[in-house]
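**Student:**
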Amino acid sequence: MKKILILPIMATILCGCPICKPTEVIDVGPIPDSLYSIVPYQNDSVYQLVHSNGYVVDFIAKRSTEQSFSWNECGCSPNYTYYRNITSLVSDYPPINIQLSIEKYDSIHSVFTMAAQNSGFGYLPVDTFFTASNGDSMLINNRYYKDVFVLRNDNTYNASILFADSLYYNKQHGLLKLFMHNGENYAIYP
Amino acid sequence: MAKIMRYILRLLWLVPLLGLVACGDDFALSTKYYYVKPENKAWLVNDSLVGVPYAMVDNNGITYNFTGVRTSHDFSEGMSGFLFIPTRKSYRENYYSTSVSNYGTSFSMYLYASYTNNNDDDIHLYLTGISIHCTLKSREVTYFGCDENNVEWTQTEENTTTKVLVNVDKLNSLTVQNQTYNEVLHCYLKDPIGVIKPNQCTDLYYAKGIGLIKYTLKNSIVFERVTN
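Chain order of the listed sequences is A and B. Taking our numbering, the leading residue of the first sequence gets 896, the next gets one more, and so forth. Taking our numbering, the leading residue of the second sequence gets 166, the next gets one more, and so forth.
1) So, at 8 Å on beta carbons, what are the nonlocal neighbours of A/V1043 in its own chain, with the 5 sequence-adjacent residues on each side left out?
2) Have a look at B/F247 and B/S241 and give me their C-alpha separation to the nearest angstrom.
3) Indicate whether at least one CB of chain B lies closer than 8 Å to the CB of A/G949.
4) Taking the alpha-carbon of A/F954 as reference, which of A/Q1067, A/V934, A/F964, A/I993 has the nearest alpha-carbon?
5) My assumption, with CB atoms under 8 Å, is that B/V331 sits in contact with B/I297. Please give the rounded CB distance.
6) Enumerate in chain order the residues of its own chain whose CB-to-CB distance from B/Q342 is below 6 Å, with the five nearest sequence positions on each side excluded.
7) Would you decide whether A/H946 is buried or exposed? Buried here means 16 or more other CB atoms lie within 10 Å of its CB.
8) Rounded to whole angstroms, what's the CA-CA distance from B/L339 to A/V941? Just pull it up for me.
9) Cα separation between B/V329 and B/N364?
10) Under the rule that 16 or more other beta-carbon atoms within 10 Å means buried, what is A/P989, buried or exposed?
11) Near B/F231, which residues of its chain fall below 6 Å by C-beta distance, leaving aside the five closest residues on each side in sequence?
12) Could you tell me whether any Cβ in chain B is nearer than 8 Å to the Cβ of A/N1077?
13) Interface residues of chain A around B/Y268 at Cβ under 8 Å?
14) Quick test of your reading: B/T236 and B/V215, contact by CB under 8 Å. State the CB separation rounded to the nearest angstrom.
15) Quick one: is B/I378 buried, meaning 16 or more other Cβ sit within 10 Å of its Cβ, or exposed?
16) By the DSSP assignment, the alpha helix (DSSP H) with A/Y1039 in it spans what residues?
17) Mind checking which residues open and close the alpha helix (DSSP H) that includes A/S929?
18) I'd like the span of the beta strand (DSSP E) that includes B/Y380, first residue to last.
19) Which residues bound the beta strand (DSSP E) around B/K373?
20) Using a Cβ cut-off of 8 Å, pull out every chain C residue sitting near B/I227, in sequence order please.
21) Give me the DSSP bridge partner(s) of B/T319.
22) Does the distance from the CB of A/S1005 to the CB of A/R979 come in under 8 Å?
23) At which residue ranges does the stretch 929-972 of chain A contain complete beta strand (DSSP E) runs of 3 or more residues, listed in the order of the chain?
24) A/S983 by DSSP, collapsed to three states: which one?
25) Helix, strand or coil for B/T293 per DSSP?
26) If you scan the stretch 263-291 of chain B from start to end, which runs of the beta strand (DSSP E) of 3 or more residues do you find wholly inside it?
27) Look at the Cβ atom of B/V333, then the Cβ atom of B/V306, and state whether they are nearer than 8 Å.
28) Got a sec: is the Cβ-Cβ distance from B/I386 to anything in chain A below 8 Å?
29) Could you list which residues in chain A have their beta carbon closer than 9 Å to that of B/N364, in chain order?
30) Residue range of the beta strand (DSSP E) that A/V920 falls in?
31) Can you check whether the CB of B/T300 is closer than 8 Å to the CB of B/N283?
32) Classify B/N337 as helix, strand or coil using the three-state DSSP reduction.
33) Could you give the DSSP three-state label for B/I173: helix, strand or coil?
34) In this structure, what does DSSP give as the bridge partners for B/D356?
35) Is it right to say B/K335 is buried, meaning 16 or more other beta carbons lie within 10 angstroms of its own, or is it exposed?
Structure below.
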């Protein structure tokens, strides 16, 4: 009987978490200015996009940086403190909430994400996405914009209520044009 | 000993009583079903329209694409009792449909069998955080809800300055974006106390068998259903 009891106890000990000493917390450091500049919006400023039918929409920008923590259950590897900078562009009417996020995981890896309701525009590796390829020039509302990247919606969770399917973006002006699923669009107001 | 036995025997009547209580929700002395009247089912979204996305365009030319229209049919349970003993179990038939726009606007409609009126049923409409419940035939408003709690409302005091006026009319027809809809329920609000927000609706039009066809926000933006 005792052997039967000992067996599962031993198995738990052997297969469970190895006993490690509590590990240190490594702070990956603040997000550098070179990353901040990917998102050109300033906190509490108002930005405008014009709907394809002519209505001009005011967006208020809110920008803040928060700390996040990686957590290692067994304590055998270091925990990391990293930083996420979130910019929200919010309009009252029509109700649109666009979020731009920069996350720095370590000295090499950083990610840029963009989302509007029901639409996500992926985890883009900042170190390669904005540097490995040159964007195109685009004519938007009679004005040329350089280094424009096209981001496609990667959210297929519920395609029927998706908000936008692609957008144009550059580091100088931010969101240049948002293409809706229904053929309408929002473009930067010149 | 004999005394104790007699005492126990006297308490024996408690056994079946406790048994009834122990049976709990599954037992009731009577059961009643309340069904939605057949003629009122015509207010549900037509079967041919279930699951079909629809669009509403506002007066600034911005299109809200509603989708996710789904309906459900169910019976909600009710129970009444006496001294912890369930005496009556009721089943209330209800229908539910909902749709969500690409801008996140949610519209829901519930059709409930009436508990109290054999000739009527209850319709519940929910849009932009505003809830209105009313009886279908008599159009008596039974509930109004908005973001604020315990808001006083009235259906009868036309000139009120201290309550939200909530009313429901039935229109024989209404033309929206060159399409005429017959039998339209029109819910409208007047808000002298300022509890309704600018982006919440003050007018809502629901067409029989079709669903939401028009609504107006407090900030005067009008949304109208467009047909392809």
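Even glycine gets a Cβ: it sits at the ideal position worked out from N, Cα and C.
**Tutor:** Here's the rundown:
1) Hits under 8 Å: G1030, D1031, S1032, M1033, Y1063, Y1064, N1065, L1071.
2) Cα-Cα distance, rounded: 21 Å.
3) Residue-level contact check: A/G949 touches chain B, since one or more beta carbons of chain B fall below 8 Å from its beta carbon.
4) When each option's Cα is compared against that of A/F954, the closest is A/I993.
5) Yes, B/V331 and B/I297 are in contact; Cβ-Cβ is about 6 Å, under 8 Å.
6) The beta carbon of B/Q342 lies closer than 6 Å to those of E389, V391 in the same chain, with the five residues before and after it left out.
7) Flag for A/H946 reads buried.
8) The straight-line gap from Cα to Cα measures roughly 40 Å.
9) Here the alpha carbon of B/V329 sits roughly 17 Å from the alpha carbon of B/N364.
10) The residue is buried, with at least 16 neighbouring Cβ atoms inside 10 Å.
11) So the list reads Y219, S264, S266, once near-sequence residues are dropped.
12) Yes, contact with chain B.
13) Within chain A, the residues near B/Y268 are P989, P990, I991, Q1012, F1058.
14) Going by Cβ atoms, the distance from B/T236 to B/V215 rounds to 6 Å, so yes, they are a contact pair.
15) Answer is buried; the Cβ neighbour count reaches 16.
16) Counting along the chain, A/Y1039 sits inside no alpha helix (DSSP H); it lies in the beta strand (DSSP E) bounded by residues 1038-1047.
17) Secondary structure note for A/S929: its alpha helix (DSSP H) is the uninterrupted segment 928-931.
18) 376-382 is the span of the beta strand (DSSP E), which, as asked, contains B/Y380.
19) Element bounds for B/K373: n/a, residue is neither H nor E.
20) No chain C is part of this structure, whose protein chains are labelled A and B.
21) Answer is B/L330, bridged to B/T319.
22) The answer is no: Cβ separation not under 8 Å.
23) Within the stretch 929-972 of chain A, complete beta strand (DSSP E) segments of at least 3 residues are found at 941-946, 951-964, given in chain order.
24) Reduced to three states, the DSSP call for A/S983 is strand.
25) Three-state result, B/T293: coil.
26) Here the runs fully enclosed are 271-278.
27) In this structure, B/V306 lies closer than 8 Å to B/V333 by Cβ.
28) Yes, its Cβ sits closer than 8 Å to a Cβ of chain A.
29) Within 9 Å Cβ-Cβ: D987, Y988, P990.
30) 920-922 is the span of the beta strand (DSSP E), which, as asked, contains A/V920.
31) No, the Cβ-Cβ distance between B/N283 and B/T300 is not below 8 Å.
32) DSSP places B/N337 in strand when its eight states are reduced to three.
33) Here B/I173 sits in helix by DSSP.
34) B/D356 is not bridged to any residue.
35) Burial call: exposed.
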